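A.B. asks:
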């Protein structure tokens, strides 16, 4: 419809052009007419002026006013003087003047000037009439042309175009695109045909896009994950059906709200302060664990991953986000963590859980300038319960112990089992005296009888107390301080409470120095193998020797076993020391047997409880293959304390070793409560009587009588079982003689020789092929500073 205004404007422009042309044409026509008229009148006036006939001239002038456009006429003589003037000048007029010439033959003489004034108003009216007529004619012609063009346009152009426009508008409003019903063989027909083809292609594309979107929407909603999209502010724009099912919300309750409003406060802070800013900066975020609050108020553990829908210009309209429900996994993880931090027997936290909780509590108290008390406690002689009544009874005792700890605990207290029969407790808010008082009350509770099934046991405990912050600023320091106090309580008689003191820390420093000495000695070869002879008391002949270790420290000098053996046993280094002694003894035994010229010559090596394990038979088998003359040349001394640890398993290991041909000696016999039971139960081949019997047998009174009776019983037992008896610690001739009187076979002590380096012992054997010492002058005085202990 824009054609009509265009044609009207064009018609107006043409009319103006034609009007201007008519105006100019009429103006020129009038001007030419005026000039022709004034020249005619000038010619008529020439003769009258030449002959001075002014009356006739005036008549001619009056005749000029027959033209109503003339308003004034003046006739001037040749000098410019006005001789005739008629009419009156007006405000809007134009003047024309022409000279008047009189012609006589070929001679022309100027006789005056004719001036005529014409009214412009009359001229304008004529011009406007002419322009109006021209414009009217042009307009009518244009209108006729417009009507003709509109008719043609409507039929050939406007109608098909309007149909195309209507089809486009209809396509915008409807899902299906409309076709144009038009058929012609011109350009518009081709245009309509192309338009219809385009509409068909668009319809097909729309149909495919709609199908794709439907499939995408089904996939979006059926994906078993919580899908959603957010804008730059974290506002939810879309959520999947699974998102709504998992959370319990309705779609209208979610869309338009910020995602953070559906998270717990901690998770909301993480999302708004960390996840979302990182997402906006990078367009992607790593998996972020969050906790989402469901419609019913419960929480859901999810992992959020997001990527940006980046479009032209790098703009960020929405996110593509997925939240995976990991509640079950988190639940399993929490359960695994709980199990990893919980003691399975008592239900208390284990060492790791207690230490982690203690560190967190200490950190809190540091911030609040608080205080607290740590207790470390040990059941006294717990192993005897296991040995006497079995592990099930021992577990019942531990459970009862843990229950009493929980019942006695104050508000905010936490308790844990550190391992074995060792427990710990931390009570915030108490100072040192209050902690000791609480520990003593707790000790009274722990002393109550406990029914463990086979028996009712009256147990006791030892407790060490350490205070925060006085005794330590970390959980580990507090436990160490309390453990040192516990060690002191056990040392001073058990069944008591001890508070940590700084001197205990000093003792710990000494112990750490000793431990470092043992480690350095193993690494740098500071240990030396020494051998103390074992002789037959009747003849003084050396039949064997006990392998012992000495530590030669580069600055401290000779360090005796009494100092480093307890440290090695506590730290577990005793096993490495034991392997060292065994290997060195096995290496030198062939030379000793050859030097003694006695195939039954033996070397005994002490075993600690920690060495009696499943690896020991393999080690001994390996040593036997290195060239020992025979397995009986190696005797393993084992103390009663080693036999107390899981007696059944120890018996099985010792029996396996015994089948290799290696003999066992029961060391320090008579110092325990069940020595005779051990002789019967374990594969013992030799009995070594403790040195305390050797010393007390020389005393007068009741003690001497009792010792002699025990020794006679031991000797009789040995003869009945075919077990040789070795008396340790013989330092004087009279001690040797009394042992001979009682029938003891073998002896060992300073009377015969002190422990000596292996090479010196080898030289002694080679030189004497046996060593006698029956001469009282050869006896050695006792050395109270040296105690024969073995590794």
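Residue numbers (the working numbering): 540 to 1330. Built from N, CA and C at the ideal position, the CB exists for glycine as well. Predicted, not measured: the structure shown is a model, and the values here were computed from it.
Buried or exposed: residue 1350, going by 16 or more other Cβ atoms within 10 Å of its Cβ?
C.D. replies: With the chain running from 540 to 1330 in the structure shown, residue 1350 is simply not present.
A.B. asks: Sorted by chain position, which residues of the same chain lie with C-beta nearer than 7 Å to residue 1117's C-beta, five sequence neighbours on each side aside?
C.D. replies: For the purposes of this step, residue 1117 is taken as residue 578 along the chain shown, with counting starting at 1. So the list reads 1146, 1147, 1150, 1330, once near-sequence residues are dropped.
A.B. asks: Closest by CA to residue 1202, which one among 1143, 1260, 878, 1032?
C.D. replies: The residue given as residue 1202 occupies position 663 in the chain shown. Here the closest residue by C-alpha is 1143.
A.B. asks: Please check the pair residue 679 and residue 639, which I expect to be a contact at CB under 8 Å, by giving their CB distance rounded to whole angstroms.
C.D. replies: Taking the chain shown and counting its residues from 1, one reaches residue 679 at position 140. Taking the chain shown and counting its residues from 1, one reaches residue 639 at position 100. Incorrect: roughly 48 Å between the Cβ atoms, too far for contact.
A.B. asks: Which value, in whole angstroms, describes the spacing of the CA atoms of residue 628 and residue 642?
C.D. replies: As a working note, residue 628 is residue 89 in the chain shown. As a working note, residue 642 is residue 103 in the chain shown. Cα to Cα, residue 628 sits roughly 31 Å from residue 642.
A.B. asks: Residue 968 bridges to which residues according to DSSP?
C.D. replies: Position 429 of the chain shown, counted from the start, is the residue given in the question as residue 968. Answer is none; residue 968 lacks a bridge partner.
A.B. asks: On a CA-only basis, which of 1024, 1000, 999, 1001 is nearest residue 1010? Give me that one, please.
C.D. replies: Taking the chain shown and counting its residues from 1, one reaches residue 1010 at position 471. Among 1024, 1000, 999, 1001, the Cα nearest to that of residue 1010 is on 1024.
A.B. asks: Below 8 Å, can you find three or more Cβ-Cβ pairs linking the segment 1076-1087 to the segment 1268-1279?
C.D. replies: Because the criterion of three Cβ pairs below 8 Å is met, the segment 1076-1087 and the segment 1268-1279 touch.
A.B. asks: Quick one: residues in its chain with C-beta nearer than 6 Å to the C-beta of residue 555, no 5 flanking neighbours on either side, listed in chain order?
C.D. replies: Counting from 1 along the chain shown, the entry for residue 555 is found at position 16. Answer for residue 555: no residue qualifies.
A.B. asks: What would DSSP say about residue 1287, mapped onto helix, strand or coil?
C.D. replies: Residue numbering aside, residue 1287 sits at position 748 when the chain shown is read from its first letter. Note: residue 1287 maps to strand in three-state DSSP.
A.B. asks: Whose C-alpha, out of 1283, 569, 614, is nearest the C-alpha of residue 1269?
C.D. replies: Translated into positions along the chain shown, residue 1269 becomes position 730. Nearest C-alpha to residue 1269: 1283.
A.B. asks: With DSSP collapsed to three states, give me the class of residue 1035.
C.D. replies: On the chain shown, residue 1035 is found 496 positions in, with the first residue counted as 1. Three-state DSSP puts residue 1035 in coil, outside helix and strand.
A.B. asks: Once DSSP output is grouped into helix, strand and coil, what is the label at residue 1170?
C.D. replies: Position 631 of the chain shown, counted from the start, is the residue given in the question as residue 1170. DSSP places residue 1170 in helix when its eight states are reduced to three.
A.B. asks: Given residue 901, which residues of its chain have a CB within under 8 Å of its CB, disregarding the five upstream and five downstream residues?
C.D. replies: For the purposes of this step, residue 901 is identified with residue 362 of the chain shown, where counting begins at 1. Here the set comprises 911, 1007, 1012, 1013, 1014, 1017.
A.B. asks: Are the beta-carbon atoms of residue 861 and residue 847 separated by less than 8 Å?
C.D. replies: As a working note, residue 861 is residue 322 in the chain shown. As a working note, residue 847 is residue 308 in the chain shown. Taking 8 Å as the Cβ cut-off, residue 861 and residue 847 do not qualify as a contacting pair.
A.B. asks: How long is the line joining the alpha carbons of residue 645 and residue 589, rounded to whole angstroms?
C.D. replies: Your numbering for residue 645 matches position 106 in the chain shown. Your numbering for residue 589 matches position 50 in the chain shown. One C-alpha to the other measures close to 16 Å.
A.B. asks: For residue 648, which option in 658, 634, 616 has the closest C-alpha, if you only look at C-alpha atoms?
C.D. replies: As a first step, residue 648 must be located in the chain shown, where it is residue number 109. Among 658, 634, 616, the Cα nearest to that of residue 648 is on 616.
A.B. asks: Does the segment 912-932 come within contact of the segment 946-963, defined as at least 3 CB pairs closer than 8 Å?
C.D. replies: Result yes; three or more Cβ-Cβ pairs closer than 8 Å.
A.B. asks: Got a sec? Which residues, its chain only, sit under 6 Å from residue 797 by beta carbon, not counting five neighbours each side?
C.D. replies: Counting from one through the chain shown, the residue named residue 797 turns up at place 258. So the qualifying residues of the chain are 773, 774.
A.B. asks: Only counting runs of 3 or more residues, tell me where the beta strand (DSSP E) segments fall wholly within the segment 1083-1134, in order along the chain.
C.D. replies: Qualifying beta strand (DSSP E) stretches, in chain order: 1096-1098.
A.B. asks: Based on the DSSP secondary-structure assignment, which residues constitute the bridge partners of residue 643?
C.D. replies: To locate residue 643, count along the chain shown from 1; it is residue 104. Bridge partners of residue 643: 646.
A.B. asks: If you draw a straight line from the C-alpha of residue 1128 to the C-alpha of residue 1119, how long is it?
C.D. replies: Counted from its first residue, the chain shown places residue 1128 at position 589. Counted from its first residue, the chain shown places residue 1119 at position 580. If I take the Cα positions, the gap works out to 14 Å.
A.B. asks: Quick one: what's got a C-beta closer than 7 Å to residue 1043's C-beta in the same chain, skipping five residues either side?
C.D. replies: Residue numbering aside, residue 1043 sits at position 504 when the chain shown is read from its first letter. Here the set comprises 1023, 1024, 1027.
A.B. asks: Does the ligand NAD have a heavy atom nearer than 7 Å to the CB of residue 971?
C.D. replies: By its list of ligands, the structure shown contains no ligand whatsoever, and the ligand NAD lies outside what it can speak to.
A.B. asks: Suppose you measure from the CA of residue 1346 to the CA of residue 1192; what does that come to, to the nearest Å?
C.D. replies: Past the edges of the chain, shown from 540 to 1330, lies residue 1346, and the structure says nothing about it.
A.B. asks: Can you check DSSP and say which residues form a bridge with residue 767?
C.D. replies: In the chain shown, residue 767 corresponds to position 228, counting from 1. Bridge partners of residue 767: 778, 860.
A.B. asks: Have a look at residue 841 and residue 825 and give me their C-alpha separation to the nearest angstrom.
C.D. replies: Here residue 841 refers to the residue found at position 302 of the chain shown. Here residue 825 refers to the residue found at position 286 of the chain shown. Approximately 13 Å, taken between the alpha carbons.
A.B. asks: Going by DSSP in three states, residue 591 sits in which element: helix, strand or coil?
C.D. replies: What you label residue 591 is simply residue 52 of the chain shown in a count that begins at 1. Coil at residue 591, not helix or strand.
A.B. asks: Going by beta-carbon coordinates alone, are residue 632 and residue 602 separated by less than 8 Å?
C.D. replies: Residue numbering aside, residue 632 sits at position 93 when the chain shown is read from its first letter. Residue numbering aside, residue 602 sits at position 63 when the chain shown is read from its first letter. No; because the gap between Cβ atoms is not below 8 Å, this pair is not in contact.
A.B. asks: Helix, strand or coil for residue 1040, going by three-state DSSP, please let me know.
C.D. replies: As a first step, residue 1040 is located in the chain shown; it is residue number 501 there, counting from the start. Residue state, collapsed to three classes: coil.
A.B. asks: Quick one: using the 10 Å Cβ neighbour count with 16 as the cut-off for buried, is residue 621 buried or exposed?
C.D. replies: The sequence position of residue 621 within the chain shown is 82, counting from 1. It counts as exposed.
A.B. asks: Output yes or no for whether 8 Å exceeds the beta carbon distance between residue 1054 and residue 1106.
C.D. replies: For the purposes of this step, residue 1054 is taken as the residue at position 515 of the chain shown. For the purposes of this step, residue 1106 is taken as the residue at position 567 of the chain shown. It is a contact, given that the beta carbons lie within the stated cut-off.
A.B. asks: Give me the DSSP bridge partner(s) of residue 1264.
C.D. replies: Position 725 of the chain shown holds residue 1264. Paired residues: 1226.
A.B. asks: Measure the alpha-carbon distance for residue 654 versus residue 675 and round it to whole angstroms.
C.D. replies: Within the chain shown, residue 654 is the residue found at index 115, counting from 1. Within the chain shown, residue 675 is the residue found at index 136, counting from 1. Near 37 Å, if we compare the C-alpha coordinates of residue 675 and residue 654.
A.B. asks: Report the residue from 903, 973, 981, 927 whose alpha carbon sits nearest the alpha carbon of residue 940.
C.D. replies: Translated into the one-based positions of the chain shown, residue 940 becomes position 401. Looking at the Cα atoms, 981 is the closest of the given residues.
A.B. asks: If we ignore side chains and look at the alpha-carbon of each, how far apart do residue 1190 and residue 1138 end up?
C.D. replies: Here the question's residue 1190 lines up with position 651 in the chain shown. Here the question's residue 1138 lines up with position 599 in the chain shown. Their backbone Cα atoms lie some 28 Å apart in a straight line.
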